[in-house]
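Only one structure is covered here, and it is reproduced in the block below.
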Amino acid sequence: MSAPTAAAPTMAAPNPAARHNPKVTTALRRFAISISVLNIFGYTLLGFEQPWIWPFVALATGYTVEIALEFIGARAEGRAPRFAGGGLKGMVEFLFPAHITALAVNMLSYVNDKMWVMVFGVIVAVGTKWVLRAPVKGRMRHYMNPSNFGIAVILLLFPWASIAPPYHFTEYLDGGFDWLVPAIIITLGTMLNAKLTERMWLILAWVGGFVVQAIVRGLLFGTSIPAALAMMTGVAFVLFTNYMITDPGTTPSSKWGQIAFGGGVAAMYGVLTAMSVAYGLFFATALVCAIRGAFLWTADIVARRRAEEALELAAVEQAMDRDAAPACDCPDGACACPPESQGQTRKVPVAA
Numbered sequence: 254m255s256a257p258t259a260a261a262p263t264m265a266a267p268n269p270a271a272r273h274n275p276k277v278t279t280a281l282r283r284f285a286i287s288i289s290v291l292n293i294f295g296y297t298l299l300g301f302e303q304p305w306i307w308p309f310v311a312l313a314t315g316y317t318v319e320i321a322l323e324f325i326g327a328r329a330e331g332r333a334p335r336f337a338g339g340g341l342k343g344m345v346e347f348l349f350p351a352h353i354t355a356l357a358v359n360m361l362s363y364v365n366d367k368m369w370v371m372v373f374g375v376i377v378a379v380g381t382k383w384v385l386r387a388p389v390k391g392r393m394r395h396y397m398n399p400s401n402f403g404i405a406v407i408l409l410l411f412p413w414a415s416i417a418p419p420y421h422f423t424e425y426l427d428g429g430f431d432w433l434v435p436a437i438i439i440t441l442g443t444m445l446n447a448k449l450t451e452r453m454w455l456i457l458a459w460v461g462g463f464v465v466q467a468i469v470r471g472l473l474f475g476t477s478i479p480a481a482l483a484m485m486t487g488v489a490f491v492l493f494t495n496y497m498i499t500d501p502g503t504t505p506s507s508k509w510g511q512i513a514f515g516g517g518v519a520a521m522y523g524v525l526t527a528m529s530v531a532y533g534l535f536f537a538t539a540l541v542c543a544i545r546g547a548f549l550w551t552a553d554i555v556a557r558r559r560a561e562e563a564l565e566l567a568a569v570e571q572a573m574d575r576d577a578a579p580a581c582d583c584p585d586g587a588c589a590c591p592p593e594s595q596g597q598t599r600k601v602p603v604a605a
């Protein structure tokens, strides 16, 4: 639910005026619109539990942290801030990731009346993009899902906190309309991920892996398989599947990379749940993102070492070629040495 991060000074310097490609910008715009509309309906019709002022506080916090860190980063890297030079449109597009992250942290976490905990979660979520980074194709990119990480940190540091209760999205809906919300989310999310984020392989691997881990836990530990699978019908699961785990900035783009990521999150969730760890969705995603970050750093280190070894080998080969060249012990201008192919080096007088 966030965009790729600008390059760090240790990597190749990017174009200061560079923006996301049009497809990513469109995806972020639709993400931002979708979560904004959901919050509007949530506070007016669905029954969101948090005070109505909190999303505005979350947005103000997210915007401030994003702009401040971008300004500091631009100064450190000797470039213009990414929000500069594009006018109002450029600023709005720059703030899409912070907008999505701030609303997601507030919407999906429940911290009773402790607004400062929600603000803390937003700061952690937005700030992690500048801390947890790894080299990807010559650029430093954040690898930790921001909103998921912010929520996971809240749950880890404040044991009394929780995620939004199951009735959070459908409390005031009845008569079968409680199925309307997840149906709309699935429809819009599938269109978004199929056409723009191109993360359908990840979704299929995640959903399929979730079914497999539910069956395995039922067979090995005697847990109720129908109860484990019933979680998939909740709005929180649908939101997580279509709008969080598919974050294009922190997930692989390749087919097999997506399958490994989605299946890895499902497997990690099954392990954590078997260990009686609550809120396994968020912790599993954070752990898999961390594993991917470690893999990216390892791959970069290995690639750098191989490049250095190749340069050293090339230097040794050049030195050996120079040493193997035929020596000429004649005074300068007195003789000419024939090529080594003539068998031995002879002095050939040079005509005056």
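Residues in the sequence shown are numbered consecutively from 254, following this note's numbering.
Ideal placement from N, C-alpha and C gives every residue a C-beta, glycine not left out.
Bear in mind the structure is a predicted one, so any value in this text is a computation, not a measurement.
CB of residue i within 7 angstroms of CB of residue j, strictly
| i | j | result |
| --- | --- | --- |
| L525 | A537 | yes |
| E319 | A351 | yes |
| V375 | V358 | yes |
| L348 | Y316 | yes |
| K508 | W459 | no |
| L449 | K342 | no |
| T423 | E346 | no |
| G403 | V377 | yes |
| L549 | A387 | yes |
| F336 | V370 | no |
| N446 | C542 | no |
Nearest-angstrom Cα separation, counted from residue j out to residue i
| i | j | result |
| --- | --- | --- |
| A527 | I416 | 19 angstroms |
| L298 | L356 | 17 angstroms |
| A567 | T440 | 56 angstroms |
| G462 | N495 | 15 angstroms |
| A280 | Y522 | 27 angstroms |
| L457 | E451 | 12 angstroms |
| A265 | R392 | For A265, the predicted structure reports a pLDDT of 38, less than 50, and the residue's modelled location is therefore unreliable. A value from the coordinates is still provided. So the alpha carbons of these two residues sit roughly 7 angstroms apart. |
| R470 | I478 | 8 angstroms |
| P501 | G546 | 15 angstroms |
| H421 | G475 | 30 angstroms |
| I293 | Q511 | 32 angstroms |
| V488 | P419 | 8 angstroms |
| A481 | I468 | 8 angstroms |
| S400 | A483 | 25 angstroms |
| R394 | L564 | 27 angstroms |
| S287 | G295 | 12 angstroms |
| Q303 | S289 | 15 angstroms |
| A572 | P505 | 43 angstroms |
| E562 | A436 | 55 angstroms |
Nearest candidate by alpha-carbon position, reference residue i, set the options
| i | options | result |
| --- | --- | --- |
| I407 | P418, R545, L361 | L361 |
| F373 | T314, P412, V389 | T314 |
| W413 | T440, Y420, K367, G380 | K367 |
| Y363 | V377, N446, F301, L549 | F301 |
| K390 | A520, R557, G461 | R557 |
| A333 | K342, L341, E323 | E323 |
| G442 | T476, I404, V491, L482 | V491 |
| R282 | D574, T354, P399 | T354 |
| I498 | F294, R559, L549, L540 | L540 |
| Q466 | G502, A447, G516 | G516 |
| T486 | S506, V464, L409 | V464 |
| Y532 | A405, Y425, A329 | A405 |
Per-residue burial, residue i [other beta carbons within 10 Å of its own, 16 or more giving buried]
| i | result |
| --- | --- |
| A396 | One point to set straight first is that residue 396 is Tyr, not Ala, in the sequence displayed. Looking at its Cβ environment, which holds 16 or more other Cβ atoms inside 10 Å, Y396 is buried. |
| K382 | buried |
| V555 | exposed |
| G331 | exposed |
| L312 | buried |
| V434 | buried |
| I438 | buried |
| G340 | exposed |
| T551 | exposed |
| M254 | Residue placement at M254 is flagged as unreliable, the pLDDT there being 46, under the threshold of 50; the coordinate-derived value follows with that caveat. Buried. |
| V569 | exposed |
| F493 | buried |
| G326 | buried |
| V518 | buried |
| W307 | buried |
Contact test: residue i Cβ vs the ligand NAP heavy atom, cutoff 6 angstroms
| i | result |
| --- | --- |
| L482 | Within the structure as shown, the ligand NAP is missing, as the structure has no ligands at all. |
Mind pulling the beta strand (DSSP E) runs of 3 or more residues that sit fully within the stretch 366-433? 386-389, 392-395
In chain order, each beta strand (DSSP E) run of at least 3 residues that lies wholly inside the stretch 499-546: none
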